[in-house]
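Protein sequences appear in the order of chains H and C.
Quick note on this note's numbering: the first sequence kicks off at 1 and runs consecutively.
Quick note on this note's numbering: the second sequence kicks off at 1001 and runs consecutively.
Just so it is clear, CB atoms sit at the ideal spot from N, CA and C, and this is done for glycine as well.
Have a look at the structure below, then the notes.
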Amino acid sequence: MAGPILQAKDLVRTYEVRQGMFGRPSPVRAVDGISLTIMPGETLGIVGESGSGKSTLGRMLLGIDPAQAGEIAFDGQAMPKLGTPQWRALRAKMQLVYQDPLAALDRRLTISAQIAEPLAIHGLVPLEHRQTRVAELMSAVGLRPDQADRYPHELSGGQRQRAVIARALASRPKLLVCDEPVSALDVSIQAQVVNMLRDLQEENHIAMVFISHDLKVVRNIADRVAVMYLGRIVEEASSDVIFQSPLHPYTRALVSSVPVPGRPLKGRTILQGEPPNPANRPSGCAFHPRCPMATDICRTTAPPLRAISADRTAACHLVADSAEPVAA
Amino acid sequence: MLRFFLIRILRALVTILAVLTFAFVVLRMSGDPAQVMLGPDVPQESVDAFRHAWGLDQPLWIQYISYLKAIFTGDFGVSMRDKASALQLVIDRIPATLELTIPALLLKLVIGIPAGVYAALHRQSAVDRGVILAAIFGFTIPSFVMGLLLVLIFSIILGLLPSGGQDTWQHAILPILTMSIGGIGILARFSRSAMIEVMGQPYIRTASAKGMNWADVVWRHALPNAAVPIVTIVGFMVGSLIAGAVVVESIFSWPGIGRLLVVSVSNRDLAVVQCILLVIAAAMVVSNLIVDLMYGWLDPRLRSHSAH
């Protein structure tokens, strides 16, 4: 079996935040020691509340946001330095899909011009075949040929996101990072776009990192799921396992917050309070102020992310070394 | 497209008519040309004769209608002071004004826009801070202060350049500098903020994430998108090519439209003032029309024919 397409080790990204005009800058660890492995063709879902560092992590995995500590290897090779010719050449292999497709498209250019752009940048398809390739890509994402000369503002939200996806796929990438790719779309369109992404991914054998706060969507598309809380992964497991028997109290709260048709809302764990300010990280386990089961050790000692069983990790003092979830 | 054009031109004509009407009424309400032209101690019969000769004894609305009629036949009236055609007087002065305003406009464009764009691309650098500081300095100092300051430095202290008149090309240097400094500051500020806004857009980050090299990102995606707000300001500057030198021409005794306007207003030389205002309004309206057309070219969302 081939090695991982992407391997990240102990990634750290800190921002300086100044409180008030004369306040001293204090570091905020948006991504705080994250390690991940993504296999070719696999989909890794990353879930977490806003401010948990998921988007920063996504950009770091692509090497767009440089890691301050830690290493990233793509296809076995260390990530080249940002902006170097090697780094630029590698862009053909890894692409990004943003949340807001209108903002991700240049309003001055037609969508076919924008889909063709990666082909031109990397010199992938000779000029005379470029239009054919663009037409192929457009039909692959379900856009009509007559929409080629449309400008972004002349398309619907779903069509724009299809154009963005076509552009991302143009250079035949091996890795696609989707940062909330459907959150800005109508619910009825979301499913279409997610299904299309999944089909395209399978056809082209692309590994995908799917960042979302929407657990229903992640469950639908991801093979494996990593749950982030304040810049760290608190639980990682296969999608089926994590949704059926979440271990970490935070994951459990997230999973139980998803409404299920036909089941009463009673008995759901509802998270209290806001996620804490990352600039002022709680001592011990960062989740303890909101955790219904926090004990003394949670307030003083941060739990390490450890293997609970094969292919399953969690960072919680209360999770025993078995696959069984702790009693609530 | 034709429809778009016709609507715009019609709107432009209405604007010009509004300017004419306003000038016509205000000029006649704010002072009596007969008194100003003839002086304070003339007999009443002379005043009456003057008023009758120029039609000022008619009711305002009759004067207004005959004025409009004359304009539509291309007759812009005669100066009360030297009996020459008002239009000819104005046209004779236009080249002198353009000698100042066109070089000043070019300086604004050539220095202001690149400075702002450079500052935006090197944000928080020493150059960026320097550009902001210089820009604020440039556009906060009013042109009459700037003009006097430059005269003080270059004419009086250093003795390098003449302080007024129109004899040689050296005479044009100080007025041109005075006019361009503020505009350079404004354009630098606008170009900088427009570029900073565009550079923060996801499609710019996407372009570099696609592996496009930096220069291409700037030239292909950033500059064309930042051009819309810059074009607005430049259009305004082009529109004021004729009217923009009133203060500076007065400081440097430059015989352009501005000087003519000041003199004609204080003489209540109605036909000349009205004619100048008409030319100024027409210049502004034409440059606005050009700006509108540029918008359509720069931003497909603003093309009227592409609305689906």
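Report the rounded CA-to-CA distance for residue i versus residue j, giving the unit in angstroms.
i, j, result
"Ala1135/C", "Arg1189/C", "6 angstroms"
"Ala237/H", "Arg224/H", "6 angstroms"
"Tyr1295/C", "Gly1183/C", "21 angstroms"
"Asp240/H", "Ala222/H", "9 angstroms"
"Pro173/H", "Arg232/H", "27 angstroms"
"Pro1162/C", "Arg1301/C", "50 angstroms"
"Ile1251/C", "Pro1202/C", "49 angstroms"
"Pro278/H", "Ile72/H", "24 angstroms"
"Ile1186/C", "Val1198/C", "18 angstroms"
"Ala1281/C", "Ile1113/C", "26 angstroms"
"Asp1057/C", "Ile1091/C", "29 angstroms"
"Ser1066/C", "Ala1227/C", "45 angstroms"
"Ser183/H", "Ala67/H", "27 angstroms"
"Pro264/H", "Leu62/H", "42 angstroms"
"Gly76/H", "Leu36/H", "14 angstroms"
"Leu230/H", "Gly53/H", "7 angstroms"
"Gly45/H", "Gly123/H", "32 angstroms"
"Val227/H", "Leu1133/C", "47 angstroms"
"Leu1098/C", "Gly1055/C", "34 angstroms"
"Asp296/H", "Ala1222/C", "54 angstroms"
"Val1127/C", "Ile1196/C", "15 angstroms"
"Pro80/H", "Ala1209/C", "14 angstroms"
"Pro181/H", "Gly273/H", "27 angstroms"
"Lys1083/C", "Phe1050/C", "13 angstroms"
"Trp1297/C", "Phe1004/C", "14 angstroms"
"Pro85/H", "Arg1205/C", "17 angstroms"
Can you find the residues in the same chain that come closer than 6 angstroms, C-beta to C-beta, to residue i, ignoring five residues on each side of it along the sequence?
i, result
"Arg268/H", "Ser256"
"Ala314/H", "Glu235, Leu247, His248 and Ile308"
"Gly1258/C", "Ala1245, Val1246 and Glu1249"
"Ala328/H", "With a pLDDT of 39 at Ala328/H, under the threshold of 50, the predicted position of this residue should be treated as unreliable, though the coordinate-derived value follows. Closer than 6 angstroms at the Cβ level, and outside the excluded window around Ala328/H, lies no residue."
"Arg345/H", "Here chain H comprises residues numbered 1 to 328, so residue 345/H is not present and cannot be evaluated."
"Leu11/H", "Val31, Ile34, Met60, Ala67 and Gly70"
"Ala1243/C", "Ile1280"
"Ala1120/C", "Arg1192, Met1195 and Ile1196"
"Glu128/H", "none"
Using only alpha-carbon positions, find the residue among the options that is nearest to residue i.
i, options, result
"Arg1192/C", "His1171/C, Ala1245/C and Ile1233/C", "Ile1233/C"
"Thr945/C", "Trp1297/C, Met1284/C, Leu1105/C and Leu1121/C", "Nothing in the structure corresponds to residue 945/C, since chain C is present only between 1001 and 1308."
"Met1237/C", "Ile1111/C, Arg1268/C, Leu1106/C and Ser1143/C", "Leu1106/C"
"Pro1059/C", "Pro1040/C, Arg1028/C, Val1047/C and Ala1049/C", "Arg1028/C"
"Leu1109/C", "Gly1165/C, Met1179/C, Val1151/C and Arg1220/C", "Met1179/C"
"Arg94/H", "Cys178/H, Gly53/H and Glu49/H", "Looking at the sequence itself, residue 94/H is Met, so the reference to Arg does not match. Measuring from the Cα of Met94/H, the nearest candidate turns out to be Cys178/H."
"Tyr15/H", "Ser26/H, Lys9/H and Leu6/H", "Ser26/H"
"Glu136/H", "Val12/H, Ile121/H, Arg167/H and Gly123/H", "Arg167/H"
"Gln201/H", "Pro118/H, Leu127/H, Gly41/H and Thr110/H", "Gly41/H"
"Leu1260/C", "Gly1031/C, Val1025/C and Ile1094/C", "Ile1094/C"
"Phe74/H", "Thr43/H, Asp100/H, Asp65/H and Ala8/H", "Ala8/H"
"Ser171/H", "Pro276/H, Gly48/H, Gln190/H and Pro126/H", "Pro126/H"
"Arg1081/C", "Gln1035/C, Pro1043/C and Val1026/C", "Gln1035/C"
"Thr43/H", "Ser212/H, His317/H, Gln244/H and Ser283/H", "Ser212/H"
"Ala1172/C", "Ile1102/C, Pro1033/C and Leu1068/C", "Ile1102/C"
Can you name, in chain order, every residue of its own chain whose Cβ lies under 7 angstroms from the Cβ of residue i, other than the five neighbours on each side?
i, result
"Ala1086/C", "Phe1076, Gly1077, Val1078, Ser1079, Ala1271, Val1272 and Cys1275"
"Asp106/H", "Gln114"
"Leu1160/C", "Phe1154"
"Ala294/H", "His288"
"Pro332/H", "As displayed, chain H neither begins before 1 nor continues past 328, which places residue 332/H out of reach and without an answer."
"Ile948/C", "Since the displayed chain C opens at 1001 and closes at 1308, residue 948/C lies outside it and no answer follows."
"Tyr1064/C", "Phe1024"
"Ala1207/C", "Val1217 and His1221"
Here's a check: name, in chain order, each residue in its chain whose Cβ is nearer than 8 angstroms to the Cβ of residue i, leaving out the five neighbours to either side.
i, result
"Leu102/H", "Pro152, His153, Gly157 and Arg160"
"Lys216/H", "Val258"
"Arg1008/C", "Leu1289 and Asp1292"
"Cys291/H", "Pro249, Tyr250, Cys285 and Cys298"
"Ala148/H", "Thr110, Ile111, Ser112, Val134, Ala135 and Met138"
By the 7 angstroms beta-carbon criterion, what residues does the segment 44-75 of chain H contribute toward chain C? Taking 7 angstroms as the Cβ-Cβ cut-off against chain C, the residues of the segment 44-75 of chain H that qualify are Leu62 and Ile64.
Chain-ordered residues of the segment 1198-1228 of chain C with a beta carbon less than 9 angstroms from chain H: Gln1201, Pro1202, Tyr1203, Ile1204, Arg1205, Thr1206, Ala1207, Ser1208, Ala1209, Lys1210, Gly1211, Met1212, Asn1213, Trp1214, Asp1216, Arg1220, His1221, Pro1224 and Asn1225
Interfacial residues, the segment 90-119 of chain H to chain C, with Cβ spacing under 7 angstroms: Arg91, Ala92, Leu96, Tyr98, Asp100, Ala103, Ala104, Leu105, Asp106, Arg107, Arg108, Glu117 and Pro118
In the segment 1279-1306 of chain C, which residues sit with their C-beta less than 8 angstroms from some C-beta in chain H, listed in chain order? Contact annotation: in the segment 1279-1306 of chain C, residues whose CB is within less than 8 angstroms of a CB in chain H are Leu1298, Asp1299, Pro1300, Arg1301 and Ser1306.
Residues of the segment 120-137 of chain H in Cβ contact with chain C at a cutoff of 7 angstroms, in chain order, please. Ile121 and His122
Which residue spans inside the segment 1010-1054 of chain C form an unbroken alpha helix (DSSP H) run of at least 4? 1033-1038 and 1044-1053
Taking only runs of the alpha helix (DSSP H) that begin and end inside the segment 132-199 of chain H, which ones reach a length of at least 4 residues, in chain order? 157-169
Any alpha helix (DSSP H) of 4 or more consecutive residues that is wholly inside the segment 1146-1182 of chain C: none
What are the start and end residues of each continuous beta strand (DSSP E) run of 3 or more residues lying completely inside the segment 1247-1301 of chain C, in chain order? none
Secondary structure, alpha helix (DSSP H): runs of 4+ residues fully inside the segment 200-276 of chain H: 215-221, 239-244 and 249-256
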